[in-house]
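Residue numbers (full-length UniProt numbering): 1 to 283.
To keep things clear, I will list the structure first and then write my remarks on it.
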Amino acid sequence: MLQLIHATISGLRTVRLGGWGRQVGIVAWGLALSCGLILGLTTPAWAFNNPELLPAQPTTIVDLAKVLTPVQQEKLGIQLEQFEADTGWKLRVLTQYDRTPGLAVKDFWELDDHSILLVADSRGGNILNFNVGDDAYRVLQRTFWVELQTRFGNQYFVRENGEDQAIIQSLQAIENCLVKGGCRAVPGLPSEQWILTLITSGLGGVIFGFAARPRQENQVVAWKWILLFSPLWGMLFLAFGLGPVLVRTSEWVPIFRNIAGFMAGALIAFLVPTPTPSTPSET
Numbered sequence: 001m002l003q004l005i006h007a008t009i010s011g012l013r014t015v016r017l018g019g020w021g022r023q024v025g026i027v028a029w030g031l032a033l034s035c036g037l038i039l040g041l042t043t044p045a046w047a048f049n050n051p052e053l054l055p056a057q058p059t060t061i062v063d064l065a066k067v068l069t070p071v072q073q074e075k076l077g078i079q080l081e082q083f084e085a086d087t088g089w090k091l092r093v094l095t096q097y098d099r100t101p102g103l104a105v106k107d108f109w110e111l112d113d114h115s116i117l118l119v120a121d122s123r124g125g126n127i128l129n130f131n132v133g134d135d136a137y138r139v140l141q142r143t144f145w146v147e148l149q150t151r152f153g154n155q156y157f158v159r160e161n162g163e164d165q166a167i168i169q170s171l172q173a174i175e176n177c178l179v180k181g182g183c184r185a186v187p188g189l190p191s192e193q194w195i196l197t198l199i200t201s202g203l204g205g206v207i208f209g210f211a212a213r214p215r216q217e218n219q220v221v222a223w224k225w226i227l228l229f230s231p232l233w234g235m236l237f238l239a240f241g242l243g244p245v246l247v248r249t250s251e252w253v254p255i256f257r258n259i260a261g262f263m264a265g266a267l268i269a270f271l272v273p274t275p276t277p278s279t280p281s282e283t
């Protein structure tokens, strides 16, 4: 760093400057010196390769941020080792805060295409990041990792459950999907997501009910209108109502509730009387 500063200063000295030029040169020299000193002071904290931060003994977890308790760390380490022995998938965990071992973890854990590294860092808005090998990325594609990060790594989940649960539950979801040979979505249905599917199911039922209302005499149900609006109520009920539930859970309770919500919305919209315009009285 001192050599860089010296080279910068030397470069400025080689330029012949006039009256105002001398002042500009002095200012540039001061800025170069300040930047050099700042970089010299901050570079060690943001180094990209700090193998001295890693333990001497091999381990599946490096908890630099002290997120996990000793009991959790021991139990999770045994679980990851057993999972690797049974399936061949290598799962590793790194927690960090102000310093990071950086690229040194690749050689420390011998990460390859069959490896997944979970990095927990609370300095950002979302604490979870994943480094995924090519083989794992073919099994669990990008949408899975985005949903996994947004579900367990967001500040609301961390505030309610803790950083340790964000790590543990993420690893459980990864293990379950790897054993199954892949998942289209993260297993499990959070309450807020289910409420959203219930709302869309009910809205689809309302559109179905309004479309089914008879528009001619002696007509019970307007089937043509139901078919005409089928893309709209079908998308709300099937794609946004039942679809996310069926993909994420096999429990019948949320499925039954969404179907009931659709039927209730359709029945209410079908039975609510339509206000008729009043006719002027004859005088």
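Using N, Cα and C, we set each Cβ at its ideal position, and we do this for glycine too.
Through-space distance from residue j to residue i, alpha-carbon basis
{"i": "Thr100", "j": "Leu128", "result": "15 Å"}
{"i": "Asp107", "j": "Asn49", "result": "11 Å"}
{"i": "Ile38", "j": "Tyr97", "result": "No answer about Ile38 holds up, because its pLDDT of 39 lies below 50 and its placement is not dependable."}
{"i": "Cys183", "j": "Glu251", "result": "17 Å"}
{"i": "Phe157", "j": "Leu103", "result": "29 Å"}
{"i": "Arg213", "j": "Phe130", "result": "52 Å"}
{"i": "Gln73", "j": "Pro244", "result": "33 Å"}
{"i": "Asn218", "j": "Gly202", "result": "28 Å"}
{"i": "Leu148", "j": "Ser170", "result": "7 Å"}
{"i": "residue 285", "j": "Trp194", "result": "Residue numbering for the chain in the displayed model covers 1 to 283; residue 285 lies beyond these limits and cannot be assessed."}
{"i": "Leu68", "j": "Leu117", "result": "16 Å"}
{"i": "Gly77", "j": "Lys180", "result": "22 Å"}
{"i": "Lys224", "j": "Ser115", "result": "55 Å"}
{"i": "residue 338", "j": "Gln79", "result": "This structure gives no information on residue 338, because the portion of the chain shown stretches from 1 to 283."}
{"i": "Arg248", "j": "Gln216", "result": "43 Å"}
{"i": "Arg22", "j": "Arg142", "result": "Unreliable positioning characterises Arg22 in this predicted model, as indicated by a pLDDT of 40, which lies under 50. A coordinate reading is not provided."}
{"i": "Lys75", "j": "Val62", "result": "14 Å"}
{"i": "Asn161", "j": "Val139", "result": "28 Å"}
Top-ranked residue by Cα proximity to residue i, from the options
{"i": "Asp121", "options": "Leu64, Glu74, Val139, Trp252", "result": "Leu64"}
{"i": "Asp113", "options": "Lys224, Leu91, Leu189", "result": "Leu91"}
{"i": "Pro123", "options": "Val146, Asn154, Asp134", "result": "First, the residue type needs correcting, since residue 123 is Arg and not Pro in the sequence shown. Selected option, being the one with the closest Cα: Asn154."}
{"i": "Pro58", "options": "Val71, Asp86, Glu110", "result": "Glu110"}
{"i": "Leu232", "options": "Glu52, Ile259, Gly204", "result": "Gly204"}
{"i": "Arg159", "options": "Arg138, Pro254, Gly125, Lys75", "result": "Gly125"}
{"i": "Thr200", "options": "Val71, Gly265, Pro51, Glu52", "result": "Gly265"}
Beta-carbon separation (whole angstroms), residue i vs residue j, contact threshold 8 Å
{"i": "Val186", "j": "Arg151", "result": "6 Å"}
{"i": "Asn258", "j": "Leu196", "result": "Contact doesn't hold; Cβ gap of about 11 Å is too wide."}
{"i": "Trp89", "j": "Ala136", "result": "7 Å"}
(message) For the structure I just gave you, are there three or more beta carbon pairs, one from the stretch 224-242 and one from the stretch 165-177, closer than 8 Å?
(response) no
(message) My parser needs the beta strand (DSSP E) runs of 3 or more residues fully inside the UniProt domain "TPM" (61-176); what are they?
(response) 61-63, 90-96, 115-121, 128-132
(message) Any contact between the stretch 200-212 and the stretch 257-272? By contact I mean 3 or more CB pairs, one from each, below 8 Å.
(response) yes
(request) Assess, as a yes-or-no matter, whether the stretch 173-182 is touched by the stretch 233-249 under the definition of 3 or more beta carbon pairs within less than 8 Å. (result) no
(message) So within the stretch 219-249, which uninterrupted beta strand (DSSP E) runs reach at least 3 residues, ignoring any that extend past its ends?
(response) none
(request) Can you check the stretch 173-222 for any alpha helix (DSSP H) of at least 4 residues that lies completely inside it and give the ranges in chain order? (result) 191-212
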